[in-house]
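Count the sequence shown with the working numbering and you get residues 4 to 451, in order. Every residue, glycine too, gets a C-beta built ideally from N, C-alpha and C. Here the structure is a predicted model, which means the values were calculated and not measured. Have a look at the structure below, then the notes.
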Amino acid sequence: MPSISARWLFDGKGCLYEHALLAWEGERIIAVEPGRASYAEQRFGQALIMPGLVNAHTHLDLSDLSMQESPRDPCSWLGRVVAYRRTATAASICEAVRRGIVESVQHGVTLVGDIAATRHTLEVLRNSPLRATVFLEILGLSKSRARAAWQAARALLRSETPAGHYCLGLSPHSPYSTRRGLFCLAAQTRLPLAIHFAEFAEELALLTSHTGPFRAWLESLSAWDETALFPSYESLLRWLRSATRLLLVHVNYPTEPLVTTLVHWAGNDRVGVVYCPRTHAYFGHPPHPWLQLLQRGVPIVFGTDSRASNPDLDLLAELRYVWQRGCPLTPAELFQMATHTAAKLLNWTEAGFLAPGRLADFLVIPLEAANIHDPLRTLLETDSTPQHVYVGGQLVYAAGSEARGCGGTCSTGTAANNSPNFSRKPGNTSPPSSSADSPTTRTWSGLE
Ligand SMILES: [Zn+2]
4 MPSISARWLF DGKGCLYEHA LLAWEGERII AVEPGRASYA EQRFGQALIM
54 PGLVNAHTHL DLSDLSMQES PRDPCSWLGR VVAYRRTATA ASICEAVRRG
104 IVESVQHGVT LVGDIAATRH TLEVLRNSPL RATVFLEILG LSKSRARAAW
154 QAARALLRSE TPAGHYCLGL SPHSPYSTRR GLFCLAAQTR LPLAIHFAEF
204 AEELALLTSH TGPFRAWLES LSAWDETALF PSYESLLRWL RSATRLLLVH
254 VNYPTEPLVT TLVHWAGNDR VGVVYCPRTH AYFGHPPHPW LQLLQRGVPI
304 VFGTDSRASN PDLDLLAELR YVWQRGCPLT PAELFQMATH TAAKLLNWTE
354 AGFLAPGRLA DFLVIPLEAA NIHDPLRTLL ETDSTPQHVY VGGQLVYAAG
404 SEARGCGGTC STGTAANNSP NFSRKPGNTS PPSSSADSPT TRTWSGLE
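Here it is, written out as structure tokens:
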């Protein structure tokens, strides 16, 4: 039975223990015992053990993009992403996903909420140590595009048997790009949903009056259909009330009716908002309302978004960014949001919390500073990085280790130094079940 200990252990739900021992068997934790550090098989001393971090929103398939200077307007940035996707090949997508996985694990991220535009993301994740809720992206405003998107998603859901480290969800892309019927069908599947929501100021003009730069941009792509949209955020949300889990990504420009709807809904533990701090700053949006939403009971979790709007996929850097700007929360509250709360909203209720019976996904982070009173605060105020990363009780990354490469079906690219160990065998974890209501039985209905 392997066991480790360190001076501090944070459990992910607010408790900080001293000189704690963590023991596990197979993929699950069997003991967390404060004061018993000396009994551990491996002792790390002046270090912090904590749950793996959860990046609640990213696009692994964009991980070979590099951030350029802030865009003049959202349409020019979206145009760049669309152009990139049109030139991507299966091999380049696989390589981008693999890069994103390597980078995530090196930064101590053990679970992601990923938006996948193609099945290639699943092909790479199937052989990787990273846990994921993979939200299959569906979009299209015209009936024909929406129908094609739905049929493609259904075919993928029918052919996929998620095993090991990922489970499936759906991502109707956004209120401005996705036909009403697609939201309704997605909600009926009972799969977890993630939606880019109230991301840009220009969205609202399109929804309420079919005007503004988004209309011109969609027309230029021959993608505009004035019969396709919900007239407001709250009218869309009403259709999503049956969703088992719902992540609203960004919410940079919430209307008061949207906030009221969210607050009313927030107590049921099924809906949350993803705030991507550095991506938010990249676009130059007004201050994000995450603290006001949190104070009114809306769960908030953190994401990086993609490398098209962020220099890296370092979730800890997002927390440090927030902390350095006068965060009124305690470090424990902040890390709880980035571990336990985020795992729960991604439907991984057995991850993000170090306790007997939970999944053994954890980090060991050495803390070099003297006179440490609060190790979580020290972690936010220094540049300490994970030394060891475990997923399902297996070491998947050790700082300074030799490259171990990719042992899966991803045939593109070469392994980077210190890359995570991809040679572990996934498949021994039961991914969270989504629903008894099979999505594959749904057909295109009259909800158009
Ligand atoms: Zn995104």
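Item                                                                                                                                                                : Value
Please name the residue or residues paired with Phe286 in a DSSP beta bridge.                                                                                       : Beta-bridge pairing links Phe286 to no other residue.
Would you say the stretch 288 to 298 touches the stretch 260 to 277, given that touching needs at least three Cβ pairs under 8 Å?                                   : yes
Given a threshold of 16 other Cβ atoms within 10 Å of its Cβ, counted over all protein chains shown, does Ala190 qualify as buried or as exposed?                   : buried
Any heavy atom of ligand 1 closer than 7 Å to the Cβ of Asp308?                                                                                                     : yes
Does the contact criterion of 3 or more C-beta pairs under 8 Å hold for the stretch 63 to 80 versus the stretch 312 to 321?                                         : yes
Could you tell me the boundaries of the beta strand (DSSP E) in which Ile104 lies?                                                                                  : Element bounds for Ile104: not the beta strand (DSSP E) but the alpha helix (DSSP H), 93 to 109.
Using DSSP with H/G/I as helix, E/B as strand and the rest coil, what is Gln71?                                                                                     : coil
Select from Glu30, Phe13, Ser8 the residue whose C-alpha is nearest the C-alpha of His22.                                                                           : Ser8
Is Val254 near ligand 1, judged by its Cβ being under 7 Å from some heavy atom?                                                                                     : no
Return the bridge partner residues of Asp117 from the DSSP annotation.                                                                                              : Thr61, Val137
Per DSSP, what are the beta-bridge partners of Thr385 in this structure?                                                                                            : The partner list for Thr385 (beta bridge, DSSP) is empty, contrary to what the question assumes.
Can you give me the Cβ contacts of Ser174 inside the same chain, cut-off strictly under 6 Å, excluding the 5 residues immediately before and after it?              : Ile118, Phe138, Glu140, Ala197
Quick one: grab the DSSP three-state call for Glu321.                                                                                                               : helix
State whether the stretch 374 to 385 contacts the stretch 328 to 339, with contact taken as three or more CB pairs (one from each stretch) at a distance under 8 Å. : yes
State the DSSP-derived secondary structure class of Trp351, mapped to helix, strand or coil.                                                                        : coil
Using the Cα positions of Thr388 and Phe305, report the straight-line distance between them to the nearest angstrom.                                                : 18 Å
Count the CB pairs spanning the stretch 103 to 117 and the stretch 144 to 154 that are closer than 8 Å, and state whether there are at least three.                 : no
Could you spell out where the beta strand (DSSP E) holding Gln397 opens and where it closes?                                                                        : 397 to 401
My guess is that Tyr236 and Leu261 are in contact by the Cβ rule of under 8 Å, so how many angstroms apart are they, rounded?                                       : 4 Å
Just to confirm, does Ile118 get its C-beta within under 7 Å of one of the non-hydrogen atoms of ligand 1?                                                          : yes
Among Phe200, Trp220, Gly215, which residue has its Cα nearest to the Cα of Thr258?                                                                                 : Phe200
Identify which residue in Ala135, Thr136, Leu25, Pro292 has its Cα closest to the Cα of Leu51.                                                                      : Leu25
Please determine, among Trp242, His288, Ser238, the residue with the shortest C-alpha to C-alpha distance to His253.                                                : His288
For His391, is the beta carbon positioned less than 7 Å from some heavy atom of ligand 1?                                                                           : no
Can the beta-carbon of Leu489 be found closer than 8 Å to that of Ala341?                                                                                           : Here the chain has residues from 4 to 451 only, and residue 489 is not among them.
Classify Ser177 as buried or exposed, calling it buried when 16 or more other Cβ atoms lie within 10 Å of its own Cβ.                                               : buried
Would you say the beta carbon of His62 comes nearer than 7 Å to a heavy atom of ligand 1?                                                                           : yes
So for Ala204, helix, strand or coil by DSSP?                                                                                                                       : coil
Near Arg10, what residues of its chain come up, given a Cβ to Cβ distance below 6 Å and the 5 sequence neighbours on each side ignored?                             : Gln49
Apply the 10 Å Cβ neighbour rule to Leu224 and answer buried if 16 or more other Cβ atoms are within range, or exposed otherwise.                                   : exposed
Between the beta-carbon of Val325 and the beta-carbon of Val108, is there less than 8 Å?                                                                            : no
From Glu1 to Met4, what distance separates their C-alpha atoms?                                                                                                     : The structure shown does not extend to residue 1, since the chain spans only 4 to 451, so no value can be given for it.
What's the gap between the Cα of Leu68 and the Cα of Gly103?                                                                                                        : 11 Å
Our contact map puts Pro461 next to Val394 with C-beta atoms below 8 Å; I'd like the distance itself, whole angstroms only.                                         : No answer is possible for residue 461: the residues shown for the chain start at 4 and end at 451.
Count the other CB atoms, across all protein chains shown, that sit within 10 Å of the CB of Asp272; report buried if there are 16 or more and exposed otherwise.   : exposed
Can you tell me whether His376 sits near ligand 1, meaning its C-beta is under 7 Å from at least one heavy atom of the ligand?                                      : no
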